[in-house]
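Taking it in order: structure first as C-alpha cells, then the write-up.
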Amino acid sequence: MAKCVRNLCLILFKIVLFVILFCFFASVIDTSGVISYEVSSAFAAWLYGISTQENVDDLWFFSDVLLSLVCALISCMIILTVLRKKIN
538 MAKCVRNLCL ILFKIVLFVI LFCFFASVID TSGVISYEVS SAFAAWLYGI STQENVDDLW
598 FFSDVLLSLV CALISCMIIL TVLRKKIN
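Letter by letter, the sequence shown follows residues 538 to 625 of the numbering used here.
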C-alpha cells in the first residue's frame with residue numbers, strides 16, 4: 538500500500554512540476570518579437586488560404602505553445618535527473 542501511495546505521489550509531483558514549468562515558460566516566451574508580421578501573414582495564408590486580422594497571429598500562438606512545451610519538457614527532465622542523482 539505504501540509503495541502504491543509513493544508511486545502516486547511521484548506521478549502527481551511530475552505532473553505538477555511539468556504544469557508549473559509550462560506555465561512559467563508560457564509567460565516568459567514571446568515569439569511575436571522574433572516572427573515578423575509578414576511571416577505570420579504568409580503562414581495564415583498558407584494554412585487558411587486567406588490572411589485576415591483574426592488568423593494572422595496563429596503562428597505566434599503555435600510557436601509559443603510549442604516552445605513552451607519543449608522548454609518545460611527539457612527542464613522537467615533535467616530537474617528529475619538531478620533529483621534522482623541527489624537522492625541516490
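A virtual CB, placed ideally from N, CA and C, is assigned to each residue, including glycine.
Nearest-angstrom Cα distance between A563 and A581? CA-CA distance, A563 to A581, rounds to 22 Å.
_Suppose you measure from the CA of T568 to the CA of A539; what does that come to, to the nearest Å?_
For T568 and A539, the gap between their C-alpha atoms comes out near 45 Å.
**Same chain, Cβ closer than 8 Å to S612, neighbours up to 5 away in sequence not counted** = If the five residues before and after S612 are omitted, its C-beta is found closer than 8 Å to the C-beta atoms of L558 and F562, all from its own chain and listed in chain order.
If you check the beta carbons only, do L629 and V571 fall under 8 Å apart?
With the chain covering 538 to 625 only, the question about residue 629 has no answer from this structure.
So for E591, helix, strand or coil by DSSP? Note: E591 maps to coil in three-state DSSP.
* Would the beta-carbon of V602 fall within 8 Å of that of S578? -> The criterion of a C-beta distance shorter than 8 Å is not satisfied by V602 and S578.
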